[in-house]
Structures are given as C-alpha cells and as structure tokens.
Amino acid sequence: METLDRFDIAILNELQNDGRLSNAELATRVGLSAAPCWRRVKSLEDSGFITGYRAEINRQKMGLGVLAFVRLDANRNSGDVLQALEEAIRTIPEVISCHYISGTGTFELQVVSRDLATFSQFAREVLINLPNVKDLHTSFSLGEVKASSALPLGHLQPQPAATSTATRGRA
Numbered sequence: 129m130e131t132l133d134r135f136d137i138a139i140l141n142e143l144q145n146d147g148r149l150s151n152a153e154l155a156t157r158v159g160l161s162a163a164p165c166w167r168r169v170k171s172l173e174d175s176g177f178i179t180g181y182r183a184e185i186n187r188q189k190m191g192l193g194v195l196a197f198v199r200l201d202a203n204r205n206s207g208d209v210l211q212a213l214e215e216a217i218r219t220i221p222e223v224i225s226c227h228y229i230s231g232t233g234t235f236e237l238q239v240v241s242r243d244l245a246t247f248s249q250f251a252r253e254v255l256i257n258l259p260n261v262k263d264l265h266t267s268f269s270l271g272e273v274k275a276s277s278a279l280p281l282g283h284l285q286p287q288p289a290a291t292s293t294a295t296r297g298r299a
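For reference, each letter of the sequence shown is one residue, going 129 to 299 in my numbering.
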C-alpha cells in the first residue's frame with residue numbers, strides 16, 4: 129500500500145464527508161494554507177487516491193423505489209465468455225454496482241428500478257438474456273440501514289510528510 133501522511137489522510141476524510149468544500153475551507157479544516165492544500169489534493173487526484181467527485185442522488189426521489197440484489201450465475205466462468213458478460217453488464221444503467229463473487233454465483237449486482245413490475249420485466253428481457261447467463265436469484269431491499277461510499281481510514285498509519293507517496297516532491 130502506498131503511504132500517506134496525516135495531512136493527506138485528513139484531506140481524504142474531509143473530502144469524503146463533503147466533496148464540495150472550497151480549497152480555503154478544506155485547508156482550514158486540515159491545518160494547511162491554501163496553496164499547499166491545493167497541491168496535495170491535486171497530487172492525491174494524480175496518484176489515484178481520489179478518483180472523482182459526484183453528487184449523491186436520492187434514488188427514491190428519482191422514482192427508483194426498488195433496490196434489488198441479483199446473484200447472477202454464469203454458464204462458464206473463464207475466458208472470453210466471462211469477459212463478454214462483464215462488458216455487457218457495464219453498459220446497463222440500471223445496474224449500479226457489480227461484483228465478481230466467491231461462493232454461490234458468479235456476480236452480485238445491485239439493480240435499481242421504478243417498481244416490482246418494471247424490475248420483473250427488466251430481469252426477463254435484459255438480465256436473463258445477457259451472454260453466458262445460466263440463472264438469476266434476486267433479493268429485494270426492504271429498507272436501507274446504511275448507504276455510504278465513504279471508506280474507513282482509521283487503519284492508516286500516517287507517515288512523515290517527507291515520505292508520503294501522494295506528496296513526495298511537493299510541499
């Protein structure tokens with residue numbers, strides 16, 4: 129794992145909580161002046177620690193009241209056929225997350241839909257007709273307890289600023 133110093137970790141924590149912070153406010157919160165803070169954020173972006181900024185949209189307010197967890201079983205789990213399935217899944221907007229899993233099944237998908245009837249039609253017309261699909265098993269969310277994309281960073285041991293990967297060569 130690449131190393132981060134305490135300022136890098138603080139910046140990541142703050143931006144996970146509010147990606148719209150101004151650089152001046154972010155600098156104040158982490159104890160830096162504006163220019164070094166901006167350079168650190170740019171370095172964290174350039175080195176791949178920060179991969180983007182996006183709005184979190186309430187799916188219910190957008191009319192997407194159904195959240196389904198679909199375990200998809202593939203006929204074959206190797207080679208070009210599995211890659212074709214992965215590529216097909218990436219193109220489906222209703223699939224908001226897909227993971228290659230161990231145990232029973234090949235992929236676990238999170239799928240959003242307006243309602244159960246719409247999901248049922250989507251499963252019959254789209255999911256089951258994907259290349260190399262053998263079977264689908266679906267569970268539905270009855271209510272969200274926690275939905276967050278923020279990563280826990282408490283396990284990180286801050287490194288001295290001079291050896292931080294994200295800030296090496298930058299003050």
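Where a beta carbon is used, it is the ideal one built from N, C-alpha and C, also for glycine.
- If the five residues before and after Asn151 are omitted, its C-beta is found closer than 8 Å to the C-beta atoms of Ala162, Cys165, Trp166, Val169, all from its own chain and listed in chain order.
- Going by C-alpha positions, Asn257 is about 46 Å away from Ala138.
- Beta-bridge pairing by DSSP links Glu236 to Arg199, His227.
- Put simply, the region 211-220 does not touch the region 277-284. Fewer than three CB pairs are less than 8 Å apart.
- Taking 8 Å as the cut-off, the Cβ atoms of Leu149 and Glu142 count as close.
- Membership of Thr131 in any alpha helix (DSSP H) is not indicated, and neither H nor E is assigned to it by DSSP.
- By alpha-carbon distance to Ser269, the top candidate from Gln144, Val198, Gly147 is Val198.
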